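The structure appears below as structure tokens.
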Ligand code: XIL
């Protein structure tokens, strides 16, 4: 993100600086006036070109609309026969597309926000819950025999967003911050898991324990108060509350190799050596600034399974503008989606593949700067009109050939 903002703001700053120089040169009637003026023109042209390249709305050909409608079994039907989950994140239970696509195409859902700690609380007040929105999504799914992934119990990162601000205040004023945090964590995990007991059988216990700024664990309130022990503790509490629930650690990786990845594997090894009840790794898989290297992804998942852990792709999406250079961007996006999904679907330790949204009509990218200014994002499996995009048919085939009926 920081890199991206730099790429977009630095040229503007250059134009601004040169403009100031030009004005000063004009006032002083300096002999550099012409140089300054040419610089402003060149830089402004570059800025305009960048604007058109990144921000001007684009319209790519939708050749895939020539295909006939899907015939035969649906994704969800084949997935179910293979003991596999094809999932989508759901924002709102009253979204009409929800009922159209679940359970026909998706046999798993993840509430996009509704089961996050902050969202479950009334006005961010610790301990005061309102489960209405989450229940609406989950009850519908369960009544249709669709699995629900709970997302997520412990998430540091952004105060007031990923956890209630009140937590900072409570820890800052506590006599014994470590035991205060342990107790608050225990209370929340117990409240959420007990409320959804029997309905949510898979939880992302800890979300994004890695830092976005460097190859280390995220220096959030949990880490600062309890050290990495907070991760182990969260899993132990979750297992105590309901030993039948599958417990995942969930993370987004820009690259599947490098120092940060080593820190992540050290964490997994440590959790295993401490006999922490962890069952799987959730790999978010958002393609935000670039697509992922697939060979590195394959090696990465092999290392996960070597630890005796399951894995799932939990939040897949890939912005269409990443495929801008291709003759048929929707086809190129499908190639990427399919080859990424192959690495999961062909692996018996991969239990599910979840898209971060039902269709291109609603994706978080349309709300997050700078992507909201860069339409279209179109990062999902179904288009704006819930028409299956080309990856649909190829993922169907992949599922059909998955072993494990
Ligand atoms: C995002 C949601 O999609 C947005 O609606 C919300 O405003 C912010 O969170 N990693 C995660 C998800 O684990 O919970 C995030 O979801 C996307 C990144």
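Residue numbers (the numbering used here): 2 to 406.
Just so you know, even glycine gets a beta-carbon here, dropped at the ideal spot from N, CA and C.
What you are looking at is a predicted structure, and each value in this text was computed from that prediction instead of being measured.
Is residue i helix, strand or coil when you go by DSSP?
| i | result |
| --- | --- |
| residue 358 | coil |
| residue 247 | strand |
| residue 95 | coil |
| residue 260 | helix |
| residue 375 | coil |
| residue 45 | helix |
| residue 385 | coil |
| residue 322 | helix |
| residue 128 | coil |
| residue 225 | helix |
| residue 391 | helix |
| residue 288 | strand |
| residue 153 | strand |
| residue 414 | Absent from the model: residue 414. The displayed extent of the chain is 2 to 406, so no value can be given. |
| residue 219 | coil |
| residue 74 | coil |
| residue 401 | helix |
| residue 19 | helix |
| residue 33 | coil |
Using the Cβ count rule (16 or more neighbours within 10 Å means buried), how would you classify residue i?
| i | result |
| --- | --- |
| residue 320 | buried |
| residue 407 | Since the displayed the chain opens at 2 and closes at 406, residue 407 lies outside it and no answer follows. |
| residue 1 | What the structure shows of the chain is the stretch from 2 to 406, and residue 1 is not part of that stretch, so it cannot be assessed. |
| residue 47 | exposed |
| residue 53 | exposed |
| residue 108 | buried |
| residue 356 | buried |
| residue 33 | exposed |
| residue 86 | buried |
| residue 213 | exposed |
| residue 150 | buried |
| residue 210 | buried |
| residue 261 | buried |
| residue 11 | exposed |
| residue 314 | buried |
| residue 309 | exposed |
| residue 49 | exposed |
| residue 133 | exposed |
| residue 353 | buried |
| residue 27 | exposed |
Bridge partners for residue i per DSSP, in chain order?
| i | result |
| --- | --- |
| residue 350 | Paired residues: none, contrary to the question. |
| residue 281 | 249 and 311 |
| residue 194 | DSSP lists no partner for residue 194. |
| residue 65 | Answer is none; residue 65 lacks a bridge partner. |
| residue 54 | None, per the DSSP bridge assignment. |
| residue 369 | The partner list for residue 369 (beta bridge, DSSP) is empty, contrary to what the question assumes. |
| residue 89 | 110 and 356 |
| residue 203 | 150 and 247 |
| residue 122 | 130 |
| residue 254 | Note: residue 254 sits in no beta bridge, so no partner. |
| residue 160 | 164 |
| residue 317 | 356 |
Give me the residue from the options with the minimum Cα distance to residue i.
| i | options | result |
| --- | --- | --- |
| residue 386 | 101, 128, 30 and 43 | 101 |
| residue 116 | 369, 209 and 194 | 194 |
| residue 65 | 235, 388 and 223 | 388 |
| residue 253 | 277, 232 and 298 | 298 |
| residue 112 | 190, 90, 123 and 392 | 90 |
| residue 369 | 73, 207, 289 and 285 | 289 |
| residue 129 | 119, 22, 136 and 49 | 119 |
| residue 67 | 391, 402, 255 and 398 | 391 |
| residue 95 | 79, 83 and 136 | 136 |
| residue 269 | 312, 293 and 179 | 312 |
| residue 399 | 231, 361, 343 and 354 | 343 |
| residue 56 | 378, 401, 260 and 402 | 378 |
| residue 276 | 240, 293 and 291 | 240 |
| residue 249 | 273, 227 and 264 | 273 |
| residue 166 | 175, 126 and 152 | 126 |
| residue 294 | 16, 255 and 401 | 255 |
Could you check how far apart the C-beta atoms of residue i and residue j are, in whole angstroms? I think they sit under 8 Å.
| i | j | result |
| --- | --- | --- |
| residue 233 | residue 155 | Not really, about 11 Å apart at Cβ, beyond 8 Å. |
| residue 61 | residue 330 | 4 Å |
| residue 394 | residue 71 | 7 Å |
| residue 371 | residue 405 | With a Cβ gap of about 41 Å, residue 371 and residue 405 do not count as contacting. |
| residue 37 | residue 22 | 5 Å |
| residue 316 | residue 280 | That belief does not hold up - the Cβ atoms of residue 316 and residue 280 are roughly 18 Å apart, past 8 Å. |
| residue 148 | residue 202 | 7 Å |
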